[in-house]
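Here's the structure, in structure tokens; my notes come after.
There are 2 protein chains.
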Amino acid sequence: MHFSSTKEELLNAIQVVQRAVSPRNPLPILSGIKFETGEGSVTISATDLELGISCSFPAEISEPGKTVLPARVITELARRFPNVKIFFKSDPLNGSVIIQYGKSEASINGYPVEEFPEFTIPADNTKFTISGEILKEVISQVIFATARDENRPLYTGILFEINNGTANIVATDTHRLAWRKILLDGIGDLDINLIIPGKTLNELTRVAGLSDRLDITVAENQVIFETKNISLVSRLIGGNFPNYRQVIPGDYISKTRLKTRDLIEASERASLLTSEGAPIIKISIENSILVVSVNTEAGRMREEMSVYHEGEGLQFAFNARYLNDALKAIGTDEVVMEFTGPLSPVIIKPVEEMEYLSLLLPVRLREES
Amino acid sequence: MHFSSTKEELLNAIQVVQRAVSPRNPLPILSGIKFETGEGSVTISATDLELGISCSFPAEISEPGKTVLPARVITELARRFPNVKIFFKSDPLNGSVIIQYGKSEASINGYPVEEFPEFTIPADNTKFTISGEILKEVISQVIFATARDENRPLYTGILFEINNGTANIVATDTHRLAWRKILLDGIGDLDINLIIPGKTLNELTRVAGLSDRLDITVAENQVIFETKNISLVSRLIGGNFPNYRQVIPGDYISKTRLKTRDLIEASERASLLTSEGAPIIKISIENSILVVSVNTEAGRMREEMSVYHEGEGLQFAFNARYLNDALKAIGTDEVVMEFTGPLSPVIIKPVEEMEYLSLLLPVRLREES
């Protein structure tokens, strides 16, 4: 192997793939980045076996080949290279890679390239494409509702229920749920349910540009997202996602429209007086005034804001962090909250017509509070 | 107590004093910030008993008084207040403080104000002043050489040896030493040695502005730094600082002038191939070429740079982190390194005439390397 490239091209690609490196994995090869020459380009890859990322960058190839270099060293080194042409050359004597930059030279000991896990895409697969901009928007709208708890893997994923030319995209940790529906062009009669790990989609939004059109390939238990130069492979989560349609209430008893930022700020301030583990705040609405209040050992707080309210007055308690996650994900100046009963989920959605909402279960209020 | 101020004035002052709060201290009162009204101003204070910081800010006082509020709550709350006038008022019923902002109101439970440690300045003290700009420069030039290890308290401090109208300022962790000498105006025949905790001086550079002239008061075992509105009190470290004059070599055998950034970058790259605990790199100089090299299990590296060298060729090994700390503290484009013997300290100093240098002990090279 012998190639040259610029510091910038090399560093950009390394910063993309190093997000899939698992430095603490017991398999040392997984702390490496694989380099493989192509036609006028080099493709580098990293994987933690759940998620794999590859990225290609332009390079002048003098001699084809491949190698695996330790991710930490090559990443930190690439950051600190001077702005000159960088040459990579396998050392036939000992399998290390000689890197030349200016008048300087490093020789890095690598890993046996044959130990690096291969990405293979089963021939029996399904393909469709989606706009990177829309996919990023959708992910940012639902990802907050996924569970962090790896003991319940199903809830760490996001459901993509694709049929009839649309996709319903759903996340829930059983305390809250976020749902978005989009149209998908040119998918014909594709009918498929995918549960994609939240971590995969989070990494996807970091590495793929907004302007990219993403090619999606689905095989038995994996999904591949591809842009012009980046490819991201992830396992899929097995199991049956809960029936979200059953959970979304149809009719509301009362309904409030309010300024998103006002409620976020009030509930952030109020939660400062609560315990960090359970930041429970009270919300009551009466005569178009919404009151956020807490009363704890640390003190009391009461904030008022004007809202547009239709229906009876009401009182709820919420986990302030969950409420704010939902409010921030909506991203519009105003939101609508629909109330369906004293202990039923509250619906939070944008004022604008959009097939998007999130559900939040209220917390049961104790008598004394 | 009853006063009002703006969010900005309040938040600025809180951000200054909260650096002295010790949230995990077993004494709960030390997790609080004390508020005390003055003439058209409020002074707030925090202390961890080693370091105390006070800051005054303009306020309209309706009723004098004092209180202690939990630092975490009041700091986070101040950050999140809307941009309106903020009113603070003691609640005579239960000793809490009612904070009003716009149409909202919080009531924060405080701590008994009489439990808050008093700053008292002994009448028998010594005063002098120093430019904030110069003090900050001096601190940034020597602080890297202090020890982090609290088991050797003497070396966590910086010596200010003041006499004959000058101050010698010295820090050492016994592996390296940094020394700077400055003139002090108007100190008459003041003759005093202070060992000030590095942590105190670090906080001082964060809270005091460059344009401030600092009034320094020294009492038996404490030192107070004062600007117009900020006061910082610290204990002094007892003991006898090592005799730094004995350690600084007088004459050199050979001398090299080089570009600071070149050597920093080369040794940062080289240390990527070393173990993090002991980033030992080799430096050899021959015929006006300086070579940085390492040879470890991870690989090899060799970088060359042109230097101006007077005297014999030589070879040294250094801890790369220590070397870079010294090079970065100098802050000039070029540095001079003076060599005094194979295992004697190397002197690192700016090219410009300045009474500033640092010493670095080389690492003993093993035969095989």
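Just so you know, the protein sequences line up as chains A and B, in that order. Each residue of the first sequence is one higher than the last, beginning at 137 in this note's numbering. Each residue of the second sequence is one higher than the last, beginning at 137 in this note's numbering. Beta carbons: idealized from backbone N, C-alpha and C, even for Gly.
DSSP bridge partner residues for glycine 188(B) (one or two, in chain order): Here residue 188(B) corresponds to residue number 52 of the second sequence, with the count starting at 1. Answer is Thr183(B) and Val369(B).
C-beta contact flag for glycine 293(A) and isoleucine 331(A) at 8 Å: Position 157 of the first sequence holds residue 293(A). Position 195 of the first sequence holds residue 331(A). Cβ distance < 8 Å, so glycine 293(A) and isoleucine 331(A) count as in contact.
Chain A residues whose Cβ lies nearer than 8 Å to that of isoleucine 244(B): To locate residue 244(B), count along the second sequence from 1; it is residue 108. What isoleucine 244(B) touches in chain A: Leu409, Ala434 and Gly435.
Endpoints, the alpha helix (DSSP H) within which valine 343(A) is located: Start at 1 with the first residue of the first sequence, and residue 343(A) comes out as number 207. It spans 334 to 343 - the alpha helix (DSSP H) in which valine 343(A) sits, taken as one unbroken run.
Host beta strand (DSSP E) of tyrosine 444(A) (start-end): Numbered from its first residue, the first sequence carries residue 444(A) at position 308. Per DSSP, tyrosine 444(A) belongs to the beta strand (DSSP E) from 444 to 446.
Listed by chain order, chain A residues near lysine 239(B) by CB distance under 9 Å: Position 103 of the second sequence, counted from the first residue, corresponds to residue 239(B). Neighbours of lysine 239(B) on chain A, chain order: Glu439, Glu440 and Met441.
Asparagine 219(A) CB to nearest heavy atom of the ligand FAD below 7 Å: Although the ligand FAD was asked about, the structure shown includes no ligands whatsoever.
Neighbouring residues, chain A, relative to arginine 457(B) (Cβ below 7 Å): Here residue 457(B) is taken as the residue at index 321 of the second sequence, counted from 1. Residues of chain A passing the Cβ test: none, with the nearest at roughly 14 Å.
Contacts around asparagine 219(A), its chain only, beta-carbon distance under 6 Å, and the 5 residues preceding and following it disregarded: Against the first sequence, residue 219(A) aligns to sequence position 83. Residues Lys143 of the same chain have their beta carbon placed closer than 6 Å to that of asparagine 219(A), with the five preceding and five following residues left out of the count.
Distance CB(leucine 497(B))-CB(arginine 316(B)) smaller than 8 Å: Residue numbering aside, residue 497(B) sits at position 361 when the second sequence is read from its first letter. Residue numbering aside, residue 316(B) sits at position 180 when the second sequence is read from its first letter. If you check the CB distance, leucine 497(B) and arginine 316(B) do not come in under 8 Å.
Residue-level contact to chain B via CB, arginine 160(A), 8 Å cutoff: On the first sequence, residue 160(A) is found 24 positions in, with the first residue counted as 1. Chain B contact via Cβ: absent.
Meets three-Cβ-pair contact criterion under 8 Å: the region 446 to 461 of chain A and the region 236 to 245 of chain A: no
Buried/exposed call for glutamate 259(A), threshold 16 Cβ in 10 Å: Numbered from its first residue, the first sequence carries residue 259(A) at position 123. The sequence shown places alanine at residue 259(A), rather than the glutamate named in the question. Exposed is the call here.
Residue interval of the beta strand (DSSP E) (run including aspartate 348(B)): Within the second sequence, the letter at position 212 stands for residue 348(B). It is not in any beta strand (DSSP E) - aspartate 348(B) carries neither H nor E in the DSSP assignment.
Local conformation of tyrosine 458(B) per DSSP, three classes: For the purposes of this step, residue 458(B) is identified with residue 322 of the second sequence, where counting begins at 1. Correct three-state label for tyrosine 458(B): helix.
Valine 274(A) beta carbon less than 8 Å from that of valine 306(A): Walking along the first sequence from the start, residue 306(A) turns up at place 170. Walking along the first sequence from the start, residue 274(A) turns up at place 138. No; because the gap between Cβ atoms is not below 8 Å, this pair is not in contact.
Selection from Ser420(A), Thr392(A), Asp351(A) and Leu495(A) that minimises the alpha carbon distance to valine 487(A): Taking the first residue of the first sequence as 1, we reach residue 487(A) at position 351. Selection Ser420(A), Thr392(A), Asp351(A) and Leu495(A) evaluated against valine 487(A) yields Thr392(A) as nearest (Cα-Cα).
Proline 206(B) versus Ser442(B), Val249(B), Leu319(B) and Ile483(B), residue with shortest Cα-Cα distance: In the second sequence, residue 206(B) corresponds to position 70, counting from 1. Checking every option, the nearest Cα to that of proline 206(B) belongs to Val249(B).
Within 9 Å of chain B by C-beta, residues of the region 215 to 228 of chain A in sequence order: Here the close residues are Arg216, Phe217 and Pro218.
Pairwise C-alpha distance: isoleucine 373(B) and leucine 450(B): As a first step, residue 450(B) must be located in the second sequence, where it is residue number 314. As a first step, residue 373(B) must be located in the second sequence, where it is residue number 237. Taking the straight line joining both Cα atoms gives about 40 Å.
When Gln151(B), Phe193(B), Ile222(B) and Leu185(B) are compared against threonine 211(B), the one with the closest alpha-carbon: Taking the second sequence and counting its residues from 1, the one referred to as residue 211(B) is at position 75. The residue with the shortest Cα to Cα distance from threonine 211(B) is Gln151(B).
Cβ of serine 505(B) within 8 Å of any chain A Cβ: For the purposes of this step, residue 505(B) is taken as the residue at position 369 of the second sequence. Low confidence applies here, because serine 505(B) scores a pLDDT of 41, under 50, leaving its location unreliable and the question unanswered by this model.
Chain-order list of residues whose beta-carbon lies under 7 Å from that of serine 480(B) (same chain, five-residue window excluded): In the second sequence, the residue the question calls residue 480(B) occupies position 344. Sequence-distant partners of serine 480(B) (beyond 5 residues in either direction) whose C-beta falls short of 7 Å from its own C-beta, in its chain, are Pro385.
Beta-carbon neighbours of proline 206(B), restricted to chain A and to distances below 8 Å: Numbered from its first residue, the second sequence carries residue 206(B) at position 70. In chain order: Ala434.
Residue span of the alpha helix (DSSP H) that contains leucine 399(B), given as start and end: Within the second sequence, residue 399(B) is the residue found at index 263, counting from 1. Per DSSP, leucine 399(B) belongs to the alpha helix (DSSP H) from 396 to 407.
Contacts of leucine 213(A) in chain B (Cβ-Cβ under 7 Å): For the purposes of this step, residue 213(A) is taken as residue 77 along the first sequence, with counting starting at 1. Under the 7 Å cutoff, chain B gives Arg405 and Leu408.
Sub-8 Å separation of alanine 119(A) and glycine 268(A) beta-carbons: Limits of chain A in this structure are 137 at one end and 505 at the other, which puts residue 119(A) out of reach.
Status (buried if at least 16 other CB within 10 Å, exposed otherwise) for leucine 319(A): In the first sequence, residue 319(A) corresponds to position 183, counting from 1. Leucine 319(A) comes out exposed.
Interface residues of the region 265 to 279 of chain A facing chain B [CB-CB below 9 Å]: none
Inter-residue spacing [alpha-carbon to alpha-carbon] between phenylalanine 264(A) and glycine 447(A): Locating residue 264(A) in the first sequence gives position 128, counting from the first residue. Locating residue 447(A) in the first sequence gives position 311, counting from the first residue. Computed Cα separation, rounded: 45 Å.
Serine 429(B) - DSSP class collapsed to helix/strand/coil: For this step, residue 429(B) is matched to residue 293 along the second sequence. Reduced to three states, the DSSP call for serine 429(B) is strand.
Tyrosine 237(B) versus serine 403(A): straight-line alpha-carbon distance, rounded: As a working mapping, residue 237(B) is identified with position 101 in the second sequence. As a working mapping, residue 403(A) is identified with position 267 in the first sequence. Taking the straight line joining both Cα atoms gives about 15 Å.
Chain-ordered chain B contacts of serine 232(A) [CB-CB under 7 Å]: For the purposes of this step, residue 232(A) is taken as residue 96 along the first sequence, with counting starting at 1. Within chain B, the residues near serine 232(A) are Gly435.
Short CB-CB distance (under 8 Å) between valine 209(B) and chain A: Counting from one through the second sequence, the residue named residue 209(B) turns up at place 73. Chain A contact via Cβ: present.
Near-chain A residues of the region 379 to 406 of chain B (beta-carbon distance less than 9 Å), N- to C-terminal order: Glu401, Ala402, Glu404, Arg405 and Ala406
Separation of glycine 301(B) from glycine 322(B), as counted between CA atoms: If you number the second sequence from 1, residue 322(B) lands on position 186. If you number the second sequence from 1, residue 301(B) lands on position 165. So the two alpha carbons sit approximately 8 Å from each other.
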